[in-house]
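Asks: Counting from 7, one number per residue, gives the positions in the sequence shown under the numbering used here. Just so you know, even glycine gets a beta-carbon here, dropped at the ideal spot from N, CA and C. Let me give you the structure first, and then I'll get to my questions.
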Amino acid sequence: MSATLTFAVPAAKVFAVLADPTTHAAIDGTGWVQEVVDPAPLTEVGQIFRMAMHHDDHPDGDYQTFNKVAVFDAPHAIGWLTGYRKDDGGLGFGGWLWRYDLTPLRPSATDVTLTYDWSAVPPSIREYLEFPPFGPDHLANSLQHLAELAQR
7 MSATLTFAVP
17 AAKVFAVLAD
27 PTTHAAIDGT
37 GWVQEVVDPA
47 PLTEVGQIFR
57 MAMHHDDHPD
67 GDYQTFNKVA
77 VFDAPHAIGW
87 LTGYRKDDGG
97 LGFGGWLWRY
107 DLTPLRPSAT
117 DVTLTYDWSA
127 VPPSIREYLE
137 FPPFGPDHLA
147 NSLQHLAELA
157 QR
């Protein structure tokens with residue numbers, strides 16, 4: 007599932023907002039992302055950052071995600087896998103990826119495509135989680151929020 011929006015700002019400025027986990031709650035179109043736990047800027051593939059989350063249908067209501075940067079190509083693309091802490095203390099990733107692709111149109115205009123890819127989610131997870139867990143309007147809302155932040 008993906009959505010694209012043209013921003014009236016340079017790609018580097020949009021990328022900077024995306025690489026700052028402290029902005030992710032404001033970008034989120036669902037209201038599930040509450041606040042950043044690890045506020046360090048995203049700088050490389052493999053980096054882990056945690057987010058405090060809330061979802062009424064989650065067994066605990068409040069929980070944390072462990073996100074692993076899977077794509078980092080400044081200022082063209084950034085993406086992360088969303089995961090969780092396993093019972094053995096290690097990290098597990100469910101197979102879904104959030105990815106932003108930035109295409110400069112002019113020095114002050116950028117097409118931004120947000121893709122939510124759950125194609126790698128195994129059947130064991132699909133048994134108890136429905137994909138996608140939200141409608142396509144979520145991606146459009148997220149892009150609108152991102153545009154507002156980047157234009158500030």
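Are there 16 or more other CB atoms within 10 angstroms of the CB of Ser148, so buried, or fewer, so exposed?
Replies: In the sequence shown, the residue the question calls residue 148 occupies position 142. Burial call: buried.
Asks: Ordered along the chain, which non-local residues of its own chain (more than five positions away) have a Cβ less than 7 Å from that of Pro113?
Replies: Sequence index remark: in the sequence shown, residue 113 carries index 107 (1-based). Contacts found: Pro16.
Asks: When the Cβ atoms of the region 86 to 105 are set against those of the region 125 to 139, are three or more pairs found closer than 8 Å?
Replies: Touching, per the Cβ criterion.
Asks: Compare the Cα-Cα distances from Arg158 to each of Ala22, Ser8, Met7, Ala9 and report the closest residue.
Replies: Along the sequence shown, one-based indexing puts residue 158 at 152. Closest option to Arg158, Cα to Cα, is Ala22.
Asks: Could you tell me whether any non-hydrogen atom of the ligand ZN is closer than 6 Å to the CB of Leu149?
Replies: Only the bare structure without any ligand can be found here, which leaves the ligand ZN out of the picture.
Asks: Buried or exposed: where does Gly100 fall if 16 or more other Cβ atoms within 10 Å of its Cβ makes it buried?
Replies: Residue mapping note: residue 100 aligns to position 94 of the sequence shown, counting from 1. So Gly100 ends up on the buried side.
Asks: If contacts are defined as beta-carbon pairs under 8 Å, then Tyr106 and Leu24 qualify, I think. What distance do you get, rounded to the angstrom?
Replies: Locating residue 106 in the sequence shown gives position 100, where the first residue counts as 1. Locating residue 24 in the sequence shown gives position 18, where the first residue counts as 1. About 6 Å separates the two Cβ atoms, so the contact holds.
Asks: Please classify Phe21: does DSSP put it in a helix, a strand, or coil?
Replies: On the sequence shown, position 15 is the one that residue 21 refers to. Helix, per DSSP.
Asks: Would you decide whether Leu111 is buried or exposed? Buried here means 16 or more other CB atoms lie within 10 Å of its CB.
Replies: Start at 1 with the first residue of the sequence shown, and residue 111 comes out as number 105. Counting Cβ neighbours within 10 Å, Leu111 comes out exposed, since fewer than 16 surround it.
Asks: Tell me whether Ile33 is buried or exposed, calling it buried when 16 or more other Cβ atoms sit within 10 Å of its Cβ.
Replies: If you number the sequence shown from 1, residue 33 lands on position 27. Classification of Ile33: buried, given that the 10 Å Cβ count is 16 or more.
Asks: Once you ignore the five residues that flank Thr29 on each side, which residues in its own chain have a CB closer than 7 Å to its CB?
Replies: The residue given as residue 29 occupies position 23 in the sequence shown. Answer for Thr29: Val23, Leu155, listed in chain order.
Asks: Please classify Ala153: is it buried, with 16 or more other beta-carbons within 10 angstroms of its beta-carbon, or exposed?
Replies: Counting from 1 along the sequence shown, the entry for residue 153 is found at position 147. Flag for Ala153 reads buried.
Asks: Could you pull out every residue in the same chain whose Cβ sits closer than 6 Å to the Cβ of Leu145, ignoring the five residues on either side in sequence?
Replies: By 1-based counting over the sequence shown, the position of residue 145 is 139. Taken in chain order, the residues that qualify are Ala9, Leu120.
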